[in-house]
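This report concerns only the one structure given below.
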Amino acid sequence: MNVLTIAWIALPFFIGFVVYLIPKLDRYLALGMALASAAYATLVFSAPTPVTLQLLDNFGVTLLVDPLAGFFILTNALVTAAVVVYCWQTPRTAFFYGQAVILHGSVNAAFACTDFVSLYVALEVLSIAAFLLISYPRSDRSIWVGLRYLFTSNVAMLFYLVGALLVYKASHSFSFAGVQNAPPEALALIFMGLLVKGGIFVSGLWLPVTHSESEAPVSAMMSGFVVKAGVLPLVRCALIVGELDPIIRAFGVGTAVLGVVYACFEKDTKRMLAFHTISQLGFILAAPEVGGFYALTHGLVKAALFLIAGVLPSRSFKELQEKAIATPLWIVLVAASFSISGFPMLSGFGAKILTMKNLVSWQVIGMNLAALGTAISFAKFIFLPHKKVEKPEELGKVNRGFWLAVTLLIVSLLVANLVYIEAYTLGNIIKPLATIALGWLVYLLIVKRLSVKLPRFLEQFDQLMGMMSLMLVFLFWAVFAT
Amino acid sequence: MLEACVFATVLFGFFGIILKKSLVMKIVSMDVMSTGVIAYYVLIASRDGVFTPIASVGQTAYADPVPQAVILTAIVIGFSIQALMLVGVMKLSRDNPTLESDVIEKNNTL
Chain A
1 MNVLTIAWIA LPFFIGFVVY LIPKLDRYLA LGMALASAAY ATLVFSAPTP VTLQLLDNFG
61 VTLLVDPLAG FFILTNALVT AAVVVYCWQT PRTAFFYGQA VILHGSVNAA FACTDFVSLY
121 VALEVLSIAA FLLISYPRSD RSIWVGLRYL FTSNVAMLFY LVGALLVYKA SHSFSFAGVQ
181 NAPPEALALI FMGLLVKGGI FVSGLWLPVT HSESEAPVSA MMSGFVVKAG VLPLVRCALI
241 VGELDPIIRA FGVGTAVLGV VYACFEKDTK RMLAFHTISQ LGFILAAPEV GGFYALTHGL
301 VKAALFLIAG VLPSRSFKEL QEKAIATPLW IVLVAASFSI SGFPMLSGFG AKILTMKNLV
361 SWQVIGMNLA ALGTAISFAK FIFLPHKKVE KPEELGKVNR GFWLAVTLLI VSLLVANLVY
421 IEAYTLGNII KPLATIALGW LVYLLIVKRL SVKLPRFLEQ FDQLMGMMSL MLVFLFWAVF
481 AT
Chain B
483 MLEACVFATV LFGFFGIILK KSLVMKIVSM DVMSTGVIAY YVLIASRDGV FTPIASVGQT
543 AYADPVPQAV ILTAIVIGFS IQALMLVGVM KLSRDNPTLE SDVIEKNNTL
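One line per chain: the protein sequences are A and B, in this order. Mind the numbering: the first sequence is residues 1 to 482 in the working numbering, read in order. Mind the numbering: the second sequence is residues 483 to 592 in the working numbering, read in order.
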């Protein structure tokens, strides 16, 4: 298993280069890599003990692959596979697939490592690959969006590096376990870096523009697994050091509510999905022990939603309400929306129940509000008008790859139900149904008629930078107080 | 004293990123900030001594090689990211010759 783990981490980088050498095989190699990761994830679930690796002595690289990481790896594999299938018939070059494989590999590495330096390297490789994918169309707009992402994450990672050094200074090791005796400023700096990378709370406000302005497959990858590379280390820190647990949970609630408030009032499909990603990351952090399963269901469903949003005739909800969309598209859209609202039958239900069960009492109100907000914001998709398709041309940009990709994601959502089958009790089923009904009612009676436009002031580049310094001060006091 | 200078460098870099209007100046400020971070690693590495860690008779005050090795990786990553950013800025400069970030932002995203 140890050799296999190292080979699995190194393989995507090797394949990333081979794709350039043999451009004809690009799609097959990329898909093969995704399937290899999926196979590895199933091995992790079936292994009796988690894989722990310590390369060299106590300064060296440490890896840990347990079922928690297994969920994240499986998300990564399935979403990558779906994106490759989606792009199969489009005229993308080998460069795109090469970067996608490298992105996949760096995210895998970030999930597996448990020391701050390997994590830093993995996150930086990830930023570079993500930048190249975002700016792949090479328009001014995409370059600016990519540049903005790279800049924000690089500045955050500089703060993170200082924090990592302070951990080393305190315990002579870069491993996650070292945070136990690290000074508060070290934790504040490291958390700031991870919060920005993971798109959590106000430091995640770079995320809506980046996710909504990229192409559909790139947004699917960004939302599906890239932001989770920053979330898993936070979850791990919360699990290792008990005192940090309340801080992470509080961030979870704050993020869930903040994201969902923006999502409710958003008038643009892709921006709504992006804000909703922020809120869902909050759900993962709100109950760190069971965050893995939630990350899996969210990654699958959000990738499907971004792919569908990419083929809808318009991005504005207002135009979509006037113009009916094709029924087949509407059906997959509704299936995905139901899963994310926590409707029984799809695994979003099990994930929500599991998260709600592991909450601490003070979190309950906030998280229920966030669940209600999810139902409200996805009612916008569910109540879109739809019509039967007579001619295949009416479907627009949809091709076979799209259907295969979306089917893969939705079938995986159905299968993932098996992870937490105990969720299906009468009491558990009634509560989400009531939440969804209430959410729809609120949507039809209030939100649909409102035309509130939330300001985008905080999403400006300079504000993002300024927010980092505020966040740093806030985190310092939060860690200091506990 | 040295530590204070290092932190001043990091802070100057960070404020430069916020206060400077031009994208190129922002990138230069980011470089200043990362110089500060690198200097901090070197400073911490020399806590116990400044001698190269090669075993020799009568010598115990060695510098700690681990932070230095780590920061070497970070330097390489940092400069490749800067190179990538400057290429992006070159592309942007064709349509936005002044490279003022708020103008580019207004034209492209908001």
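C-beta atoms are modelled at their ideal positions from N, C-alpha and C, and glycine is treated no differently.
(1) At 3 residues or longer, what runs of the beta strand (DSSP E) sit wholly inside the segment 147-184 of chain A?
(2) Going along the chain, which residues of its own chain have a beta-carbon closer than 8 Å to the beta-carbon of Ser135(A), five neighbours each way excluded?
(3) Give the C-beta separation of Leu126(A) and Val226(A) to the nearest angstrom, bearing in mind that I take them to be a contact with Cβ-Cβ under 8 Å.
(4) For Trp362(A), does the count of other Cβ atoms within 10 angstroms reach 16, so buried, or fall short, so exposed?
(5) Do Ala110(A) and Ala229(A) have their C-beta atoms closer together than 8 Å?
(6) With DSSP collapsed to three states, give me the class of Glu582(B).
(7) Taking 8 Å as the threshold (beta carbon to beta carbon), is Gly498(B) in contact with chain A?
(8) Tell me, please, whether the CB atom of Leu554(B) is closer than 8 Å to any CB atom in chain A?
(9) Curious, which full-length alpha helix (DSSP H) runs of at least 4 residues does the segment 197-246 of chain A contain?
(10) Using 8 Å as the limit for Cβ to Cβ distance, is Ser504(B) near chain A?
(11) Assuming Ala122(A) and Ser106(A) form a contact by the criterion Cβ under 8 Å, report the distance between their Cβ atoms to the nearest whole angstrom.
(12) Taking buried to mean at least 16 other C-beta atoms within 10 Å of its own C-beta, is Ala493(A) buried or exposed?
(13) Going by C-alpha to C-alpha distance, which of Arg576(B), Pro535(B) and Leu505(B) sits closest to Ala545(B)?
(14) Using the three-state DSSP reduction, which class does Ser139(A) fall into: helix, strand or coil?
(15) Could you tell me which uninterrupted alpha helix (DSSP H) segments, each at least 4 residues in length, are contained entirely in the segment 391-429 of chain A, listed from first to last along the chain?
(16) Closest to Ser483(A) by CA distance: which of Glu213(A), Gly193(A), Tyr424(A) and Leu119(A) is it?
(17) Using CA atoms only, rank isn't needed, just tell me which of Tyr160(A), Ala186(A) and Leu35(A) is closest to Ser118(A).
(18) Quick check: Trp206(A) and Leu464(A), are their CB atoms within less than 8 Å of each other?
(19) Do you know how far the Cα of Val585(B) is from the Cα of Ala170(A)?
(20) Closer than 8 Å, CB to CB, is Pro549(B) near chain A or not?
(21) Using 8 Å for Cβ pairs, my map puts Val101(A) next to Pro12(A). What's the rounded Cβ distance?
(22) Listed in chain order, which residues of the segment 165-191 of chain A have Cβ atoms closer than 7 Å to some Cβ of chain B?
(23) Enumerate in chain order the residues of its own chain whose CB-to-CB distance from Leu372(A) is below 7 Å, with the five nearest sequence positions on each side excluded.
(24) Please go through the same chain and pick out, in chain order, the residues whose beta-carbon is closer than 8 Å to the beta-carbon of Ile499(B), but skip the five residues on each side of it.
(25) Could one say the Cβ of Ile278(A) lies closer than 8 Å to chain B's Cβ atoms, at least one of them?
(26) Between Phe45(A) and the rest of its own chain, which residues show a CB-CB distance below 7 Å, the 5 nearest in sequence each way excluded?
(27) Grab me the residues of Phe265(A)'s own chain with a C-beta within less than 8 Å of its C-beta, minus the 5 sequence neighbours each way, in chain order.
(28) Are the C-beta atoms of Ile128(A) and some chain B residue less than 8 Å apart?
(29) Straight-line CA distance for Lys502(B) to Val301(A)?
(30) Using 8 Å as the threshold, is the C-beta distance between Met221(A) and Val334(A) below it?
(31) Helix, strand or coil, according to DSSP, for Leu64(A) in the structure here?
(32) Which residues in the same chain as Gly199(A) place their Cβ atom closer than 8 Å to its Cβ, once the five residues preceding and following it in sequence are excluded?
(33) At which residue ranges does the segment 16-92 of chain A contain complete alpha helix (DSSP H) runs of 4 or more residues, listed in the order of the chain?
(34) In three-state terms, what does DSSP make of Lys380(A)?
(35) With Ser339(A) and Leu404(A) assumed to form a contact (beta carbons below 8 Å), what rounded beta-carbon distance in angstroms separates them?
(36) Just to confirm, are Tyr120(A) and Ala164(A) a CB contact at a threshold of 8 Å?
Quick look at the numbers:
(1) Along the segment 147-184 of chain A, the beta strand (DSSP E) does not occur as any fully enclosed run of 3 or more residues.
(2) Along the first sequence, one-based indexing puts residue 135(A) at 135. Ser142, Ile143, Val145, Gly146 and Leu147.
(3) As a working note, residue 126(A) is residue 126 in the first sequence. As a working note, residue 226(A) is residue 226 in the first sequence. 7 Å between Cβ atoms; contact.
(4) By 1-based counting over the first sequence, the position of residue 362(A) is 362. By the 10 Å Cβ count, Trp362(A) comes out exposed.
(5) Along the first sequence, read from residue 1 onward, the residue named residue 110(A) stands at position 110. Along the first sequence, read from residue 1 onward, the residue named residue 229(A) stands at position 229. Yes, these two residues count as a Cβ contact at 8 Å.
(6) As a working note, residue 582(B) is residue 100 in the second sequence. Residue state, collapsed to three classes: strand.
(7) Start at 1 with the first residue of the second sequence, and residue 498(B) comes out as number 16. No, its Cβ sits nowhere closer than 8 Å to a Cβ of chain A.
(8) On the second sequence, residue 554(B) is found 72 positions in, with the first residue counted as 1. Taking Cβ atoms only, chain A never reaches closer than 8 Å to Leu554(B), which makes this a no.
(9) 207-213, 216-221 and 228-240
(10) Position 22 of the second sequence holds residue 504(B). Taking Cβ atoms only, chain A never reaches closer than 8 Å to Ser504(B), which makes this a no.
(11) The residue given as residue 122(A) occupies position 122 in the first sequence. The residue given as residue 106(A) occupies position 106 in the first sequence. Rounded, the Cβ-Cβ distance is 5 Å, consistent with contact.
(12) Residue 493(A) falls outside the range modelled here, since chain A spans only 1 to 482, and no answer is possible.
(13) As a position in the second sequence, residue 545(B) is number 63, starting the count at 1. The residue with the shortest Cα to Cα distance from Ala545(B) is Pro535(B).
(14) Reading the first sequence from its first residue, position 139 is the one you call residue 139(A). Secondary structure at Ser139(A): coil, using DSSP grouped into helix, strand and coil.
(15) 400-415
(16) The question about residue 483(A) has no answer, for chain A in this structure spans 1 to 482.
(17) As a working note, residue 118(A) is residue 118 in the first sequence. Here the closest residue by C-alpha is Tyr160(A).
(18) Counting from one through the first sequence, the residue named residue 206(A) turns up at place 206. Counting from one through the first sequence, the residue named residue 464(A) turns up at place 464. Contact flag set, yes.
(19) Sequence index remark: in the first sequence, residue 170(A) carries index 170 (1-based). Sequence index remark: in the second sequence, residue 585(B) carries index 103 (1-based). Their backbone Cα atoms lie some 44 Å apart in a straight line.
(20) On the second sequence, position 67 is the one that residue 549(B) refers to. At least one C-beta of chain A is nearer than 8 Å to the C-beta of Pro549(B).
(21) Stepping through the first sequence from its first residue, residue 101(A) is reached at position 101. Stepping through the first sequence from its first residue, residue 12(A) is reached at position 12. The C-beta distance from Val101(A) to Pro12(A) rounds to 5 Å, short enough to fall under 8 Å.
(22) Contact residues of the segment 165-191 of chain A toward chain B are Leu165, Tyr168 and Lys169 (C-beta to C-beta distance below 7 Å).
(23) In the first sequence, residue 372(A) corresponds to position 372, counting from 1. Cβ within range, chain order: Thr435, Leu438 and Gly439.
(24) Counting from 1 along the second sequence, the entry for residue 499(B) is found at position 17. Within the same chain, Ile499(B) has close Cβ partners Lys508, Ser511, Met512 and Met515.
(25) For this step, residue 278(A) is matched to residue 278 along the first sequence. Any Cβ of chain B closer than 8 Å to the Cβ of Ile278(A) would place that residue at the interface, and such an atom is absent.
(26) Counted from its first residue, the first sequence places residue 45(A) at position 45. Excluding positions up to five away in sequence, the list reads Pro67 and Gly70.
(27) For this step, residue 265(A) is matched to residue 265 along the first sequence. Around Phe265(A): Val447, Leu450, Val452, Lys453 and Leu454.
(28) Position 128 of the first sequence, counted from the start, is the residue given in the question as residue 128(A). Answer yes: the Cβ-Cβ gap between Ile128(A) and chain B drops below 8 Å somewhere.
(29) Numbered from 1 along the second sequence, position 20 holds the residue referred to as residue 502(B). Numbered from 1 along the first sequence, position 301 holds the residue referred to as residue 301(A). When rounded, the distance between both Cα atoms is 41 Å.
(30) One-based indexing of the first sequence puts residue 221(A) at position 221. One-based indexing of the first sequence puts residue 334(A) at position 334. It is not a contact, given that the beta carbons lie outside the stated cut-off.
(31) Mapped onto the first sequence, residue 64(A) falls at position 64. Leu64(A): strand per DSSP, three-state reduction.
(32) Mapped onto the first sequence, residue 199(A) falls at position 199. The residues are Trp206, Leu207, Val227, Gly230, Thr277, Ile278 and Leu281.
(33) 26-46 and 67-87
(34) As a position in the first sequence, residue 380(A) is number 380, starting the count at 1. Looking at Lys380(A) - three-state DSSP - the assignment turns out to be helix.
(35) Residue mapping note: residue 339(A) aligns to position 339 of the first sequence, counting from 1. Residue mapping note: residue 404(A) aligns to position 404 of the first sequence, counting from 1. About 19 Å separates the two Cβ atoms, so there is no contact after all.
(36) For the purposes of this step, residue 120(A) is taken as the residue at position 120 of the first sequence. For the purposes of this step, residue 164(A) is taken as the residue at position 164 of the first sequence. Yes, Cβ-Cβ distance for Tyr120(A) and Ala164(A) is below 8 Å.
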